[in-house]
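Residue numbers (the numbering used here): 146 to 411.
All C-beta atoms, glycine included, are put in the ideal place defined by N, C-alpha and C.
The structure displayed is predicted, hence computed values, not measured ones.
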Amino acid sequence: MAHPASPAPSEPAQIEPAQIEPAQIEALVRDAVRRLAVGGHAVHSAAAGGHSAAASRQSPRAEAADKPNLVVSISARHCHLTDEHVEILFGPGATLTPEKPLYQDGFFAAAQTVMVVGPRRRMLPSVRVLGPTRSHSQVELALTDSISLGIDAPVRHSGDIAGTPGCVLVGPAGTVQLQQGVIRAARHVHINHRDCKYYGVENGDLMRLKVTSPGCSLVFEDVLVRADDAAKLEVHIDTDEGNACNLDAATAIELEPQRSDCRCKH
Ligand SMILES: [Zn+2]
């Protein structure tokens, strides 16, 4: 049984002892989980973890009828797990329990959360697990999260985790030491091939997202095209990026090819 959704404090919880040995981590974080669960704070929507927050923070739709329906979502910190790690963390035979479907068909926020522990005794107590399971476990953080954890997470495309920092994951049934897999997910757009034609882009291209927002409009460059026939048009940015342009208050969003990165320049 997963522990209840714990609060996501603005500062990471601190584990008290001055030194941490690997063997001590599990006991320490279990104690922390118990204390946090007793605390029973409300979960702030902007830091609730996982794409569960994203669904309620989708931006206004593009209005012209001939345009693809553009959605911009904030992807809060979350993790992906292998089947093996799900069983270690949540018990033999455990599988992810879908709790909330994501905008992309077939993907979901799971009921389960894990604790992510970094160096220097820092941790994030409740990081949402997204499903389905994958071939490699991976933790996706915003820069603010990685600073809080003391992990220097590089910007990477999902799945490109070679040489990235690791961390410790703690669940109610066990602990996993990830040797690598902590990243800041590169901003990207899920798009099908029909919409690729509309914008004149291909898989792997870069696009530009303009967000018009009162007092804090912003243009995001380097939005990676992730083309898939099953995709619904959706840009994923992280919480830092979404907060910087106050996406909730945005009055217009616009996506266009990033011509400065045109392949003709080779
Ligand atoms: Zn995505």
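Taking DSSP as the reference, what is the three-state secondary structure of residue i?
{"i": "S303", "result": "coil"}
{"i": "G311", "result": "coil"}
{"i": "T240", "result": "coil"}
{"i": "D228", "result": "helix"}
{"i": "A394", "result": "helix"}
{"i": "A187", "result": "Because A187 sits at a pLDDT of 26, beneath the cut-off of 50, its placement in the model cannot be relied upon, and the following sentence gives the value as read from the coordinates. A187 falls in the coil class under three-state DSSP."}
{"i": "A110", "result": "For residue 110 there is no data in the structure shown, the boundaries of the chain being 146 and 411."}
{"i": "D290", "result": "helix"}
{"i": "L323", "result": "strand"}
{"i": "R404", "result": "helix"}
For residue i, I'd like the list of residues in its chain whose CB is within less than 6 Å of its CB, leaving aside the five on either flank, ordered along the chain.
{"i": "D290", "result": "R222"}
{"i": "H189", "result": "With a pLDDT of only 28 at H189, under 50, the local geometry of the prediction cannot be trusted, and no value is derived from it."}
{"i": "P246", "result": "F253"}
{"i": "A239", "result": "V231, E232"}
{"i": "P264", "result": "G295"}
{"i": "S201", "result": "Residue confidence for S201 is low, a pLDDT of 38 falling below 50, so the modelled location carries little weight; the figure read from the coordinates is stated next. Nothing meets the Cβ criterion."}
Using C-beta distances below 8 Å, list every residue in its chain close to residue i, excluding the 5 sequence neighbours before and after it, in chain order.
{"i": "D374", "result": "N337, H338"}
{"i": "R332", "result": "L354, F365, D367, V368, L369, V380, H381, I382, D383, E386"}
{"i": "S362", "result": "K355, V356, C390"}
{"i": "P359", "result": "N391, A394, T396"}
{"i": "E244", "result": "S197, F253, A254, A255, A256"}
{"i": "T227", "result": "T278, R279, S280, H281, S282"}
What are the boundary residues of the beta strand (DSSP E) that includes residue i?
{"i": "S271", "result": "267–276"}
{"i": "C224", "result": "223–225"}
{"i": "D340", "result": "Per DSSP, D340 belongs to no beta strand (DSSP E); it is in the alpha helix (DSSP H), 338–344."}
{"i": "I296", "result": "Counting along the chain, I296 falls outside any beta strand (DSSP E), and DSSP gives it neither H nor E."}
{"i": "K377", "result": "No beta strand (DSSP E) holds K377; DSSP gives it neither H nor E."}
{"i": "A330", "result": "327–330"}
{"i": "E285", "result": "283–285"}
Between residue i and the rest of its own chain, which residues show a CB-CB distance below 7 Å, the 5 nearest in sequence each way excluded?
{"i": "A376", "result": "Q249, H335, I336, N337"}
{"i": "G308", "result": "Q325"}
{"i": "I306", "result": "H281, Q283, Q325, G326, I328"}
Could you please give me the residues that DSSP links to residue i through a beta bridge?
{"i": "T258", "result": "R273"}
{"i": "D383", "result": "S220"}
{"i": "P317", "result": "DSSP lists no partner for P317."}
{"i": "K355", "result": "V364, E399"}
{"i": "K245", "result": "A254"}
What residue does the alpha helix (DSSP H) around residue i start on, and which one ends it?
{"i": "F252", "result": "Neither: F252 is in no alpha helix (DSSP H) and is coded neither H nor E."}
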